[in-house]
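Asks:
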Amino acid sequence: MIWNLLEVWSEKVALWYFLTTGFGSESPSPVRAAASHNLTSCPQLMPFCGESGSPRFRRELSLPPLSPFDDSQGAESLALRWATRQFLEEINKWTTQHGVSPLSRELAVKFLMARKFDVLRAIELFHSYRETRLKEGIVRLQPQEEPLRSELLSGKFTVLSVRDPSGASIALYTAKLHHPNKTGNHVVLQALFYLLDQAVESFETQRNGLVFIYDMAGSNYTNFELDLSKKILNLLKGAFPARLKKVLIVGAPVWFRVPYNLLSLLLKEKLRERVQMVKLDELRKHLPRDCLPQHLGGLLPLDATSWNQQLLAGQNDRVDPVDELVGIPVEETSVHVPGSESMRPQELLNHLGRLQRSGIHQEYEELLKEPPAGTFNCSLAASNQEKNRYGDVLCLDQTRVRLTARRNERSDYINASFMDGYKHRNAYIGTQGPLENTYGDFWRMVWEQNVLVIVMTTRTNEGNRRKCGQYWPLEEGGQEVYGHMAVVNQRVDHHTHYNHTTLVLHNTETCEQRQVSHFQYLSWPDYGVPTSAVTLIDFLGAVKRQQRKMVNTLGPQWTGHPQGPPMVVHCSAGIGRTGTFCALDICLSQLQDVGSLNVCQTVRRMRTQRAFSIQTPDQYYFCYNAILEHAQRQGLLPANQ
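First residue of the sequence shown: 1, per UniProt numbering; consecutive thereafter.
1) Once you ignore the five residues that flank Pro147 on each side, which residues in its own chain have a CB closer than 6 Å to its CB?
2) State the DSSP-derived secondary structure class of Lys176, mapped to helix, strand or coil.
3) Does the count of Cβ pairs from the stretch 604 to 618 and the stretch 564 to 580 closer than 8 Å reach three?
4) Please say whether Val481 and Thr508 have beta carbons closer to each other than 9 Å?
5) What does a CB cutoff of less than 6 Å around Ala631 pick up in its chain, not counting 5 residues either side in sequence?
6) At the level of alpha carbons, what is the spacing between Gln190 and Leu349?
7) Does the Cβ-Cβ distance between Phe193 and Phe224 come in under 9 Å?
8) Starting from the N-terminal side, write out each stretch of the alpha helix (DSSP H) that is 4 residues or longer and does not extend beyond the stretch 447 to 496.
9) Report the start-end ranges of each alpha helix (DSSP H) in the UniProt domain "CRAL-TRIO" (145 to 304) that is 4 residues or longer and not cut off at the edges.
10) Going by DSSP, what residue range makes up the alpha helix (DSSP H) through Leu349?
11) Please state whether DSSP places Glu136 in a helix, a strand or coil.
12) Output the distance between the C-alpha atoms of Ser101 and Tyr413, rounded to the nearest integer angstrom.
13) To the nearest angstrom, how far is it from the Cα of Arg140 to the Cα of Glu89?
14) Identify the continuous beta strand (DSSP E) that holds Gln590 and give its terminal residues.
15) Quick one: grab the DSSP three-state call for Asp397.
16) Would the stretch 90 to 98 count as touching the stretch 277 to 289 if we require 3 or more Cβ pairs under 8 Å?
17) What's the C-alpha gap between Gln590 and Phe376?
18) If you follow the beta strand (DSSP E) that Val504 is in, where does it begin and where does it stop?
19) Could you check the C-alpha separation between Ala217 and Thr174 for me, to the nearest Å?
20) Does Ser517 come out as helix, strand or coil in the three-state DSSP assignment?
21) Is the beta carbon of Pro566 closer than 9 Å to that of Val451?
22) Measure the alpha-carbon distance for Leu280 versus Lys156 and round it to whole angstroms.
23) Which of the three DSSP states, helix, strand or coil, is assigned to Phe418?
24) Out of Asn625, Ala639, Leu112, which has the shortest C-alpha to C-alpha gap to Gly353?
25) In this structure, how does DSSP classify Phe625 when only helix, strand and coil are distinguished?
26) Ala427 to Trp82, Cα distance in whole Å?
27) Looking at C-beta atoms only, is the number of pairs between the stretch 616 to 624 and the stretch 369 to 387 that lie closer than 8 Å three or more?
28) Counting along the chain, where does the alpha helix (DSSP H) carrying Ile614 start and finish?
29) Specify whether the stretch 437 to 445 and the stretch 396 to 412 touch according to this definition: at least 3 beta carbon pairs, one from each stretch, less than 8 Å apart.
30) Report the partner residues of Ile429 according to the DSSP bridge assignment.
31) Considering only their Cβ atoms, is the gap separating Asn499 from Leu536 smaller than 9 Å?
32) Helix, strand or coil, according to DSSP, for His336 in the structure here?
33) Can you name, in chain order, every residue of its own chain whose Cβ lies under 6 Å from the Cβ of Val275, other than the five neighbours on each side?
34) Looking at C-beta atoms only, is the number of pairs between the stretch 233 to 247 and the stretch 124 to 138 that lie closer than 8 Å three or more?
35) Have a look at the DSSP bridge pairing and note the partners of Tyr527.
36) For His561 and Leu554, what's the separation of their Cα atoms in angstroms?
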């Protein structure tokens, strides 16, 4: 037992040292949430740690920088093994679930290196890479077959035979060689993926990163495609396992200014700083002449196809280890997984203290500027207008709930959207408060989607305004018929801030019946947001306990996600309080799982599924305060902060 304790202790110390010193560099690497959580959660280490979890002796350590990949240096080696093991444990749970081969250590290191061994960000990068390949059809590439072979040998894209002074690889894309009328975008992207994949096989490239030169010299408008440029930029910024050091756009024509401004909007500020437009004679300020080809003012003779030809010669029997994983549909993955820039509770508190209410409101305003991620064609159809409570609250076509087609009914439409929860695809159905003419559709949806719990965050009337129809029998023992669904009120449990009603649904066409729990939150004020989040968080807890209880009751007949079928969540429009409730659930679930969260990222992703979720800046600010209140109650923050 004592040896096990020493092994755990030494590994935790190695991890701490690795995170606080970086990869042998002078600047410290950030202590990521998951890693520091792992460190401080080790009870054997706590005698050596202060309140923040940092070892008390850290100021007394005076150790030289480590060579990051020298296995003879034990602390670093242990730290690298820790990160790789954590990554593989998480990813290979997923591969096992889908019945595919586990990921190799070498592939894990490639993604970890690209994110400086930040496990959470590396996992997100892996899924972005996989999903981008699936979306763009970059699967089972045959480099020796046409049209991919010709594209690889066109000289359009290559990796230079030298590195920059920091050791980074230099990739060159020559825009004037692209002819959209001859080569489709998907073939260009296949070639780009293939060649970049080969480049980052090099351990030195994994460690030192990539410089990307986008050579526009001598090109004209017919060589340019905005859509292709967007895809390349999206690939480089967040869907490829390489550390992007900089993107140098060389010799850009005057007309490129407008599309460049559009492209720059896709980038976060940190990455935007790495993308620079430079004139040909300015390029030597960024790279020495012996790193540049002669046509760009350098000394390097360039045969753009030689590296590619050598590469192809040795690839006849190569099997891409990711091909099997790419084939798993994107739809099986929730959009809400741990991502970059997550904050632990203290960091969240500091963020709120720094920005104050006005800054958080501005953060929300930036979200509002982002256009909806899809179309609203079905919601806008003339035949469906009467089914929308509000004319400006519409469903995205790609996430809307479709009712099963029935005889003599023209439409499958209901104003309701599937929304992901934390690591749970389609955890919620966000919908409007039912209208009198949609009661039947509402209960059909509940039945067809196997809903166990309905969450209502409004009263039927507030401030002399009708917010929602009385779509269920209010009194205990009451019964109503909506279309072919008979709904019976079996029991009402009154609590201080909410009512819990047990309903029994009878399908009059199939003679089946099911039980559904209806929760109505009563303490949301007519205007604004609650002054305290305590009652709403307690309400959320009651809802989730009931969902778990009802899923357990289903037993082996339920074969879907372990957390069960979607919960229906609604207010009046189905975006304000509904979005607030779902955002809190997602954030608090992530906090419980990995010890960190990102409110802005959660809301942004949520709005890609239920457009315009979180309706006001006060609701957005309330999410921050609610999470901090919860953190204090859980002892994650001091009560006086």
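Don't be surprised by glycine CBs; every beta carbon is placed ideally from N, CA and C.
Replies: Short version:
1) Closer than 6 Å at Cβ, skipping near neighbours: Val187.
2) DSSP, read as helix, strand or coil, puts Lys176 in helix.
3) Counting C-beta pairs with one atom in each stretch, the stretch 604 to 618 and the stretch 564 to 580 have three or more that are closer than 8 Å, which means they touch.
4) Their beta carbons are under 9 Å apart, which means Thr508 touches Val481 by this criterion.
5) So the qualifying residues of the chain are Pro345, Leu637.
6) If you take the alpha carbons of Gln190 and Leu349, they lie about 44 Å apart.
7) No, they are not a contact pair.
8) Scanning the stretch 447 to 496 from its first residue to its last, no whole alpha helix (DSSP H) run of 4-plus residues comes out.
9) Secondary structure within the UniProt domain "CRAL-TRIO" (145 to 304): the alpha helix (DSSP H) runs of 4 or more consecutive residues, fully enclosed, are 148 to 152, 185 to 199, 203 to 208, 226 to 238, 257 to 264, 269 to 272 (chain order).
10) Leu349 -> alpha helix (DSSP H) spans 345 to 368.
11) In this structure, Glu136 counts as coil in the three-state DSSP scheme.
12) Straight-line measurement puts the Cα of Tyr413 at about 40 Å from the Cα of Ser101.
13) Their Cα atoms are separated by approximately 26 Å.
14) Counting along the chain, no beta strand (DSSP E) covers Gln590; the unbroken alpha helix (DSSP H) around it starts and ends at 577 to 594.
15) Looking at Asp397 - three-state DSSP - the assignment turns out to be coil, as it is neither helix nor strand.
16) Between the stretch 90 to 98 and the stretch 277 to 289, the count of C-beta pairs closer than 8 Å stays below three; the two stretches do not touch.
17) About 30 Å.
18) Element bounds for Val504: 498 to 507.
19) Distance between Ala217 and Thr174, taken at the CA atoms: about 8 Å.
20) Collapsing the DSSP output to three states places Ser517 in a strand.
21) Yes, they are a contact pair.
22) Straight-line Cα distance between these residues: approximately 18 Å.
23) Strand.
24) Nearest to Gly353 by C-alpha distance, out of Asn625, Ala639, Leu112, is Asn625.
25) Before going further, note that residue 625 is Asn rather than Phe in the sequence given. Asn625 falls in the helix class under three-state DSSP.
26) Roughly 32 Å between the two C-alpha positions.
27) Contact fails: fewer than three Cβ-Cβ distances are below 8 Å.
28) Where Ile614 is concerned, there is no enclosing alpha helix (DSSP H), given that its DSSP letter is neither H nor E.
29) Three or more pairs of CB atoms, one per stretch, sit closer than 8 Å, so the stretch 437 to 445 contacts the stretch 396 to 412.
30) Bridge partners of Ile429: Phe418, Val568.
31) Between Leu536 and Asn499, the gap from beta carbon to beta carbon reaches 9 Å or more.
32) Under the three-state reduction of DSSP output, His336 falls in the strand class.
33) Counting only Cβ-Cβ distances below 6 Å, and skipping sequence neighbours, we find Val247.
34) Three or more beta-carbon pairs separated by less than 8 Å link the stretch 233 to 247 to the stretch 124 to 138, which places the two stretches in contact.
35) Partner(s): none; Tyr527 has no beta bridge.
36) Computed Cα separation, rounded: 12 Å.
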